[in-house]
Amino acid sequence: MNLPHDPRPEAPPEELNEDLFAAAEGPDTHQLAAEAAENAGQALASSGLLKNLNPEQYAAVTLGQEPALILAGAGSGKTRVLTTRIAWLMQTGQLTPGSVMAVTFTNKASKEMQTRLGAMLPVNVRGMWIGTFHGLCNRFLRAHWKLAGLPQGFQILDASDSVSAIKRVIKAMKLDEERFVPKQVSWFIAGAKEDAQRPGDIEPRDEQTKTLIEIYKAYEDQCQREGVIDFAELMLRSYELMRDNPAVRDHYQRRFSHILVDEFQDTNKLQYAWLKMFAPPGRGQGVMAVGDDDQSIYAFRGARVGNMADFEREYRVKKVIKLEQNYRSYSNILDSANELISRNSRRLGKTLRTDAGPGEPVRVYEAASDFAEAQWLIEEAQALHRAGIDRKEIAVLYRSNAQSRVIESALFNAGIPYRVYGGLRFFERAEVKHALSYLRLLENPNDDTSFLRVVNFPTRGIGARAIELLQDAARMSGRSLYQSVGAVAGKAGSNLQAFTGLIDSTRNLTQGHTLREIIEQILEISGLNEFYRNDKDGAERLENLGELINAAEAFVTQEGFGKDAVALPVDELSPGAISEGFPAAVAPANFTPDAETGEIMSPLAAFLTHASLEAGDNQAQAGQDAVQLMTVHSSKGLEFDAVFITGLEEGLFPHENSMSDSDGLEEERRLMYVAITRARQRLYLAFSQTRMLHGQTRYNVKSRFFDELPEHALKWLTPRNQGFGSGFAKEYQSAWERGSGLKSVVGAGRVEKPAYDTTPVPKSMKQAAAQKVADEHGGLKVGKGVFHTKFGEGVLLTLEGSGADARAQVNFGRHGMKWLALSVAKLTPID
DNA sequence: GGTCGCCTCTTTTTT
DNA sequence: AGAGGCGACC
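Residue numbers (the UniProt record's numbering): 1 to 831.
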């Protein structure tokens, strides 16, 4: 135990478990504990745990059992406050491991919290209710699957599974996929669920909405039939179970005397409602919400910053504690962040300060191309490494995943170890998903999504027609595809039976085998291995399948398999809980552990859950000293000695899809704020004049964010204003007046042909049309610069129509994207 | 009826 | 650059 000044004798883990049971016994315990804390707290004031906390942190850590809202700026020691508070509450006897729930958003954050807490106290953090919203909901539903109306081994659909399930629904309903785009429908459904709305709760405003509601309903039925639930459903089911079952609700409200929620600004409506089920205002539990409105970056998926204000009001928070002292960055970095974020209008108000001094300037670099940007970045990173900075302390951030490619290949060619977070995650790779689908079918043959994914992969003579017949049969009888195989006659039918036979026999064959053996078997029997062995590009995929076996092995051994499953019998079935009159309906009868092993879940089922919930973030070689690559979103909560923010270009960052409304732009700004505040010592901002994206070249203008940073904190590594960012029309004019013209093409956006293609050959109708219009308007070329008397200079992005109808889409940078009628607008080409 | 290969469209961010 | 859709061929 590494708490040097613990006044109490060291408590053995068993004793803590005793406490754990006691914790479920009701408010009296809480009260006694609080009294004990009163005394202990004084003694602990100068102990190691509370040492070096600033006054605000101290106040937050040692707050009594009451609702609290902590406004915690970036780098203000938020995680430290959270973990120290839990540790302090436990040390002072106010809390037992079983009576606290700590919720985070990302797996990374919850792991971090567990690690830190584990280092402070000798507790089994795995058994504690520390996890992501979705992880905890999963745990909750595994415990109460029957009450929740789920099959015991329910599986979780990830985003892409969900979209393909919805696609099937749309097809089955014979709806037009153009009009009901599966992805958008998925959005609609997730959005409804996040507002706690079932199909019946949504108002059928118009025909479109009416149909969407029908799809939602059918999708629900389908998921229920197949025994699967999506991410949003995890939350919604848990919420509804709490809402509709007083006995369960009462149990958990008594059990958790303290609930801590991290990144509260990112909670959506449902998550807040969920929290209120576990700890309603006025129930007297200690609910601590920690958040930073300036770091709210998930509005796009339903996060409501307003939850912070609502929380303050509804829970009658006495005093909001603001953590504004930053311990991470030098002031040049902080000044930049502060200045930038001050442009946002809707803020709770908070300014970070530091005692660290100005530090180095923020370095700005302009590259000619994304390739050059990557090259420069690598040289700079190498220099940093030579100067003694660990590679893992160097982060490269970008707005969208697609940007990582260039950087990756440059790093690869230079032989620099790197690690990419996010992007195509391990469990999302096609071959891995195939393998997982086979595994899911072993566990639950009625999982139609998995069935369809692999029924004919590798090909085994089951085509679209056969599947259509099968789906019809299934629909008629209301059964799963697997159950309906017998209904299809002929060759196709026997092929289908061969497939289900393959699944069944593998299941029998591997009965009682280890997870590793099961996976090895299915890879062979399914023919996946053979398929990739014969595929000329299959080597890497085979490797990934091998990696899947490793991951399973690691999951079983190191990870201590089934933490969610194992944790349950211990604390759900605690004598305390039962003696407290925990209703029979949710008591042990609901657990049907494996007769032989006593496991609540099979290792396979647990592994599949793990694969859905943690898309394989930590599959990349952990521990190696590697440069860290990630999106700005996934960098939240992390910090590095040196940070490169790349691709700071209009249309990319801020992203073009967000620029239309001010809310979107403010979110982009918060995103930039998050990115900047990741850096401890060195911050680099880079942008590029051209960039290859989706196989096309884009011509870029530097991000408007450069104009929102304090000049004194910046140092331009390339000549300032060489590029064509803000106010470039003016620059253009002066350059024009000097008679030099402009050499480079400026502007931002997509162009129809590759940049360096000197002999353009129209590849599509669109291009051919563009070519035609260009001929009519001599000299205008897509991808080239144009000049407009009012808007100045821009880049021609699209040409459409002909004659009087001819239109042009031009990006005028500062003046934005515009569609112009060529019969009216006077556009002159610039070379 | 199945398979293969060419064509098109796509992509913001995540549990 | 990669996946899904569509048409031609087996």
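No residue lacks a Cβ here, since even glycine has one placed at the ideal position from N, Cα and C.
Since the structure is predicted, the reported quantities are computational estimates derived from the model, not experimental observations.
Limits of the beta strand (DSSP E) - the one that residue 859 falls within = Given a span of 1 to 831 for the chain in the structure shown, any question on residue 859 remains unanswerable.
query = With C-beta atoms as the reference, is A299 less than 9 Å away from E66?
reply = Counting from one through the first sequence, the residue named residue 299 turns up at place 299. Counting from one through the first sequence, the residue named residue 66 turns up at place 66. No, the Cβ-Cβ distance between A299 and E66 is not below 9 Å.
request  = Return helix, strand or coil for R126, following the three-state DSSP convention.
outcome  = Here residue 126 is taken as the residue at index 126 of the first sequence, counted from 1. R126 falls in the helix class under three-state DSSP.
ask   = So, G359 versus N332, is the Cβ gap smaller than 9 Å?
value = Stepping through the first sequence from its first residue, residue 359 is reached at position 359. Stepping through the first sequence from its first residue, residue 332 is reached at position 332. For G359 and N332, yes; Cβs fall inside 9 Å.
query = For V406, does the three-state DSSP call read helix, strand or coil?
reply = Translated into positions along the first sequence, residue 406 becomes position 406. In this structure, V406 counts as helix in the three-state DSSP scheme.
message = By the DSSP assignment, the beta strand (DSSP E) with K171 in it spans what residues?
response = Sequence index remark: in the first sequence, residue 171 carries index 171 (1-based). It is not in any beta strand (DSSP E) - K171 instead sits in the alpha helix (DSSP H) that spans 159-172.
query = Grouping DSSP H, G and I as helix and E and B as strand, with all else coil, what is L827?
reply = Here residue 827 is taken as the residue at index 827 of the first sequence, counted from 1. Reduced to three states, the DSSP call for L827 is strand.
inquiry  = Check for me: the beta strand (DSSP E) holding R682 runs from which residue to which?
reply    = Locating residue 682 in the first sequence gives position 682, where the first residue counts as 1. For R682, the enclosing beta strand (DSSP E) starts and ends at 679-693.
message = Using the Cβ count rule (16 or more neighbours within 10 Å means buried), how would you classify M235?
response = By 1-based counting over the first sequence, the position of residue 235 is 235. Buried.
inquiry  = Check whether the segment 377-386 and the segment 699-706 are in contact - that is, three or more C-beta pairs closer than 8 Å.
reply    = no
message = Could you check whether G647 and R399 sit closer than 9 Å to each other, using their CB atoms as the reference points?
response = Taking the first sequence and counting its residues from 1, one reaches residue 399 at position 399. Taking the first sequence and counting its residues from 1, one reaches residue 647 at position 647. The answer is yes: Cβ separation under 9 Å.
request  = Closer than 6 Å by C-beta to D537: which residues in its own chain qualify, once you throw out the five before and the five after it? Chain order, please.
outcome  = Reading the first sequence from its first residue, position 537 is the one you call residue 537. Cβ within range, chain order: n/a, list empty.
key: C-alpha distance - D293 paired with E520, whole-angstrom precision   = Taking the first sequence and counting its residues from 1, the one referred to as residue 293 is at position 293. Taking the first sequence and counting its residues from 1, the one referred to as residue 520 is at position 520. In a straight line, the C-alpha of D293 is about 48 Å away from that of E520.
request  = Look at I416 and A626 and say whether their C-beta atoms are less than 9 Å apart.
outcome  = The residue you call residue 416 lines up with position 416 of the first sequence. The residue you call residue 626 lines up with position 626 of the first sequence. Yes; because the gap between Cβ atoms is below 9 Å, this pair is in contact.
ask   = For V290, which beta-bridge partners are listed by DSSP?
value = Position 290 of the first sequence, counting from 1, holds the residue named residue 290. Paired residues: I70.
Top-ranked residue by Cα proximity to A279, from T609, R243, Q295 = Position 279 of the first sequence, counting from 1, holds the residue named residue 279. That would be R243, whose Cα lies nearest to the Cα of A279.
key: Alpha-carbon spacing of R254 relative to P97, whole angstroms   = What you label residue 254 is simply residue 254 of the first sequence in a count that begins at 1. What you label residue 97 is simply residue 97 of the first sequence in a count that begins at 1. One C-alpha to the other measures close to 14 Å.
inquiry  = Taking the alpha carbon of Q197 as the reference point, which residue from Y239, L683, T514 has its own alpha carbon closest?
reply    = In the first sequence, residue 197 corresponds to position 197, counting from 1. Closest option to Q197, Cα to Cα, is Y239.
message = Considering only their Cβ atoms, is the gap separating Y216 from I259 smaller than 9 Å?
response = Taking the first sequence and counting its residues from 1, one reaches residue 259 at position 259. Taking the first sequence and counting its residues from 1, one reaches residue 216 at position 216. Taking 9 Å as the Cβ cut-off, I259 and Y216 do not qualify as a contacting pair.
task = Work out the CA separation of Y252 and H134 for me, nearest whole Å.
result = Position 134 of the first sequence holds residue 134. Position 252 of the first sequence holds residue 252. Looking at the two C-alpha atoms, the distance is approximately 17 Å.
ask   = What is the residue span of the alpha helix (DSSP H) that K715 lies within?
value = Here residue 715 is taken as the residue at index 715 of the first sequence, counted from 1. Looking at the DSSP string, K715 is not in any alpha helix (DSSP H); the run it does join, the beta strand (DSSP E), is 714-716.
request  = Assign D230 to one of three DSSP states: helix, strand, or coil.
outcome  = Counting from 1 along the first sequence, the entry for residue 230 is found at position 230. It is a strand residue.
inquiry  = Give me the residue from P122, M120, L509, R139 with the minimum Cα distance to W129.
reply    = As a first step, residue 129 must be located in the first sequence, where it is residue number 129. Looking at the Cα atoms, R139 is the closest of the given residues.
Per-residue DSSP class, three states only, for E793 = Counting from one through the first sequence, the residue named residue 793 turns up at place 793. Three-state DSSP puts E793 in a strand.
task = Spatial neighbours of I830 within its chain, please: CB distance less than 6 Å, with the 5 preceding and 5 following residues excluded, ordered by chain position.
result = Taking the first sequence and counting its residues from 1, one reaches residue 830 at position 830. Answer for I830: G785, F787, listed in chain order.
message = Report the CB separation of R516 from E553 in whole angstroms; it is logged as a contact under 8 Å.
response = Along the first sequence, read from residue 1 onward, the residue named residue 516 stands at position 516. Along the first sequence, read from residue 1 onward, the residue named residue 553 stands at position 553. About 5 Å; that satisfies the 8 Å criterion.
key: Separation of E649 from Q265, as counted between CA atoms   = Position 265 of the first sequence, counted from the first residue, corresponds to residue 265. Position 649 of the first sequence, counted from the first residue, corresponds to residue 649. If you take the alpha carbons of Q265 and E649, they lie about 27 Å apart.
key: Exposure of P719, with buried meaning 16 or more beta-carbon neighbours within 10 Å   = To locate residue 719, count along the first sequence from 1; it is residue 719. It counts as exposed.
Spatial neighbours of K193 in its chain, beta-carbon cut-off 6 Å, leaving aside the 5 residues before and after = Here the question's residue 193 lines up with position 193 in the first sequence. Answer for K193: A232, L236, listed in chain order.
inquiry  = Pairs of beta-carbons, one from the segment 603-617 and one from the segment 145-159, closer than 8 Å: are there three or more?
reply    = yes
query = CB-CB under 6 Å to L212, same chain, minus the five flanking residues each way: which ones, in chain order?
reply = Here residue 212 corresponds to residue number 212 of the first sequence, with the count starting at 1. Counting only Cβ-Cβ distances below 6 Å, and skipping sequence neighbours, we find F188.
task = For the alpha helix (DSSP H) holding T631, just list the boundary residues, first then last.
result = Taking the first residue of the first sequence as position 1, residue 631 is located at position 631. From DSSP, T631 is part of no alpha helix (DSSP H) but of the beta strand (DSSP E) over 627-631.
ask   = Taking E524 as the reference, which of Q222, Y438, F687, R669 has the closest Cα?
value = The residue given as residue 524 occupies position 524 in the first sequence. The shortest Cα separation from E524 among Q222, Y438, F687, R669 belongs to Y438.
query = Going by the beta-carbon positions, is the gap between A713 and Y684 smaller than 9 Å?
reply = If you number the first sequence from 1, residue 713 lands on position 713. If you number the first sequence from 1, residue 684 lands on position 684. No, the Cβ-Cβ distance between A713 and Y684 is not below 9 Å.
ask   = Does DSSP classify T609 as helix, strand or coil?
value = On the first sequence, position 609 is the one that residue 609 refers to. Three-state DSSP puts T609 in a helix.
inquiry  = Considering just the uninterrupted stretch of the alpha helix (DSSP H) at S505, what are its terminal residues?
reply    = On the first sequence, position 505 is the one that residue 505 refers to. Run containing S505: 490-509, per the alpha helix (DSSP H) assignment.
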